[in-house]
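Peer 1: Would you mind keeping the following structure in view while I ask a few things?
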Amino acid sequence: MKYTFRSPGRINLIGEHTDYNGGCVLPAAINKYTYITFEESDHFEAYSKYFDQRVKFSLDEKKENVEWLNYVKGALLYTSKYMKKKISPWKIEISGVLPLGAGLSSSASLMVGVVYGLCKVENWEMSRRQIANVAHKAENEFIGVNCGIMDQHIVAMGKKDTFMLIDTLNKEFEYVHAEKFPQMIVIDSGVKHKLASSEYNKRRMECGQVEGITGIKLRQMSLETVEKNKKTLGDTLYKRAFHVVSENVRVLKAIEAIKKSDWENLGRLLYASHESLRNFYEVSTWEMDFIIEKLKKFDVVYGARMIGGGFGGSILILSRRESSEEISKIMAKYESEFDAKIKVYAVSTSDGVQELQRT
Ligand code: GLA
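So this is what it looks like as structure tokens:
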């Protein structure tokens, strides 16, 4: 028997680098997927169409030299540990149209997809929330990226036509309906920075230092407190705190804007979020900043910002419907002028991970 699963990528409307600081985030699963198949076998084997590479492996605790395989192995191992059950050997194949390392959460898509798929093929009961938590733990501990909970939660629990407002302080969430939402376009900047995970962990550490020095959790901190502590924190920590605290405020304002279908205001919040990520959190790249500045000149665009961890990856654009062609043309011009390889595509919201078929 061959089982096929489909696991989405995600965009994050607003609330960037707040999910490991107890803040609120507003992601949506999108219609770009990783496909994972499980087939019974007498040994563990994985194939990635992305890399056209097939590898046999054993389910020990050791990390593999093949980087992508660790995401599969970590997901299998941590599910088995969580369930306190042994896994039978499977042949697992990965393919998809979700670009890797583009800030659309390909790693959470793969890991959540493997955990979910494994539960189905082994007939193990696990809630979607538990699946998200296991995939998150595996990424933190096995892969070694100290990421927050946003990506795994949205990949596991996303719902079409909604954004998921996740309060990462207590992991509570609610769905914000977005049926008449403006067009969402993703620009993959094509820049993949090797620094991303070490810088990500560094930002997280800096946030911890802010809380250590002030004795206040970033979630509870006001902008006045950030200003009052400017000298004590020093330039870098002040900037980090300023971003996180102001981003928390922007998320709440964004929800108000969505409720009122006030897309102009929502767009302005996206631009403001980008400015803050660029100037205060310092996780943007000059390519992304350049594109965003260009976009600001076009009336069809409500707003745009970098999404995900940063240091490359993708930009999310909120635009009037039917404008994707126009934006593609603008970007094609940019590409030919600057000899840069970027991809532009319209995305829409999607359901979380699911089983597609058994053959
Ligand atoms: C990555 C992480 C998320 C989140 C974002 C930044 O995507 O996996 O947990 O921290 O960066 O908002």
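Residues 123 to 481 (our numbering) are what the sequence shown spells out, left to right.
Every residue, glycine too, gets a C-beta built ideally from N, C-alpha and C.
All values reported here derive from a predicted model rather than from experimental measurement.
Please state the DSSP three-state secondary structure of S398.
Peer 2: Three-state DSSP puts S398 in a helix.
Peer 1: State buried or exposed for K361, treating a residue as buried only when at least 16 other CB atoms are found within 10 Å of its CB.
Peer 2: With 16 or more Cβ atoms within 10 Å of its Cβ, K361 is classed as buried.
Peer 1: Which two residues bound the contiguous beta strand (DSSP E) that contains V194?
Peer 2: Premise fails: V194 lies in the alpha helix (DSSP H), E189 to M205, not in any beta strand (DSSP E).
Peer 1: Looking at the secondary structure, which residues open and close the alpha helix (DSSP H) in which H258 lies?
Peer 2: Residues R250 to A260.
Peer 1: Under 8 Å between the Cβ atoms of I133 and G235?
Peer 2: Contact: no.
Peer 1: Say yes only if the C-beta of Q273 is nearer than 7 Å to one or more non-hydrogen atoms of the ligand GLA, and no if none qualify.
Peer 2: The identity of residue 273 in the sequence shown is Asp, whereas the question assumes Gln. Checking the Cβ of D273 against the ligand GLA gives yes.
Peer 1: Taking G312 as part of the beta strand (DSSP E), name the residues at either end of that continuous run.
Peer 2: Run containing G312: Q305 to K314, per the beta strand (DSSP E) assignment.
Peer 1: Assuming the contact rule is C-beta atoms closer than 8 Å, S395 and I152 should be a hit. Round their C-beta distance to whole Å, please.
Peer 2: Not confirmed; about 18 Å, so no contact.
Peer 1: Kindly give me the distance between the Cβ atoms of V332 and A363, rounded to whole angstroms, as I take these residues to be in contact under 8 Å.
Peer 2: The Cβ separation is near 5 Å, so the contact holds.
Peer 1: Using beta-carbon positions only, say whether M306 and L440 come within less than 8 Å of one another.
Peer 2: For M306 and L440, yes; Cβs fall inside 8 Å.
Peer 1: Quick one: using the 10 Å Cβ neighbour count with 16 as the cut-off for buried, is N187 buried or exposed?
Peer 2: So N187 counts as exposed.
Peer 1: Would you tell me roughly how many angstroms separate the C-alpha atoms of V366 and E162, rounded to the nearest one?
Peer 2: Each residue's alpha carbon lies about 46 Å from the other.
Peer 1: Cutting at 6 Å between CB atoms, please list the residues of its own chain near Y169, excluding the five before and the five after it.
Peer 2: Excluding residues within five positions, the ones whose Cβ falls inside 6 Å are R176 and E215.
Peer 1: How many angstroms separate the CA atom of E409 from the CA atom of N245?
Peer 2: Using only the alpha carbons, I get a separation of about 46 Å.
Peer 1: Locate the beta strand (DSSP E) running through K352, then write down its first and last residues.
Peer 2: Not the beta strand (DSSP E): K352 falls in the alpha helix (DSSP H), residues K352 to K381.
Peer 1: Residues bridged to N134 by DSSP?
Peer 2: Bridge partners of N134: P149.
Peer 1: Between T358, V371, R325 and K353, which lies nearest to M343 when the distance is taken from Cα to Cα?
Peer 2: Minimum Cα distance to M343 is reached at V371.
Peer 1: Do you know whose CA, among Y200, V422, L222 and S249, lies nearest N262's CA?
Peer 2: The candidate whose alpha carbon is nearest that of N262 is Y200.
Peer 1: With A278 as the anchor, note down where its alpha helix (DSSP H) starts and where it stops.
Peer 2: First-last of the alpha helix (DSSP H) with A278: M272 to M279.
Peer 1: Please report the residue range of the beta strand (DSSP E) in which V422 lies.
Peer 2: Careful: V422 lies outside any beta strand (DSSP E) and carries neither H nor E.
Peer 1: Measuring straight from C-alpha to C-alpha, what distance separates D473 and S129?
Peer 2: Answer to the nearest angstrom: the Cα atoms are 9 Å apart.
Peer 1: How big is the Cα-Cα spacing for R326 and D273?
Peer 2: Spanning the two alpha carbons is a distance of roughly 16 Å.
Peer 1: Taking the straight line between their C-alpha atoms, what separation do you get for T156 and G218?
Peer 2: If I take the Cα positions, the gap works out to 4 Å.
Peer 1: Nearest by alpha-carbon distance to R427: which of R443, T407 and D421 is it?
Peer 2: Taking only the C-alpha atoms, the option nearest R427 is T407.
Peer 1: CA-CA distance, D182 and Q252?
Peer 2: Straight-line Cα distance between these residues: approximately 23 Å.
Peer 1: Is N192 buried or exposed, if buried means 16 or more other CB atoms sit within 10 Å of its CB?
Peer 2: When all chains shown are included, N192 counts as buried.
Peer 1: Nearest-angstrom Cα distance between R443 and V423?
Peer 2: Straight-line Cα distance between these residues: approximately 10 Å.
Peer 1: Buried or exposed: H275, going by 16 or more other Cβ atoms within 10 Å of its Cβ?
Peer 2: Per the 10 Å Cβ criterion, buried.
Peer 1: So S436 and G270 are supposed to be a Cβ contact under 8 Å. How far apart are they, rounded?
Peer 2: Their Cβ separation, rounded to whole angstroms, is 18 Å, which puts S436 and G270 out of contact at 8 Å.
Peer 1: Per DSSP, which residues does V243 bridge with? Please list them.
Peer 2: V243 pairs with nothing; no bridge assigned.
Peer 1: Run the proximity test for D141: is its beta-carbon closer than 7 Å to any non-hydrogen atom belonging to the ligand GLA?
Peer 2: Yes; taking the cut-off as 7 Å, the Cβ of D141 has a heavy atom of the ligand GLA nearer than that.
Peer 1: Return the bridge partner residues of H299 from the DSSP annotation.
Peer 2: DSSP lists T284 as partners of H299.
Peer 1: Tell me the rounded alpha-carbon separation between F285 and K455.
Peer 2: Cα to Cα, the separation comes out at about 32 Å.
Peer 1: Is DSSP giving E448 helix, strand or coil here?
Peer 2: It is helical.
Peer 1: Once the 5 residues before and after I335 are set aside, which same chain residues still bring their CB inside 8 Å of it?
Peer 2: Around I335: N351, T354, L355 and L359.
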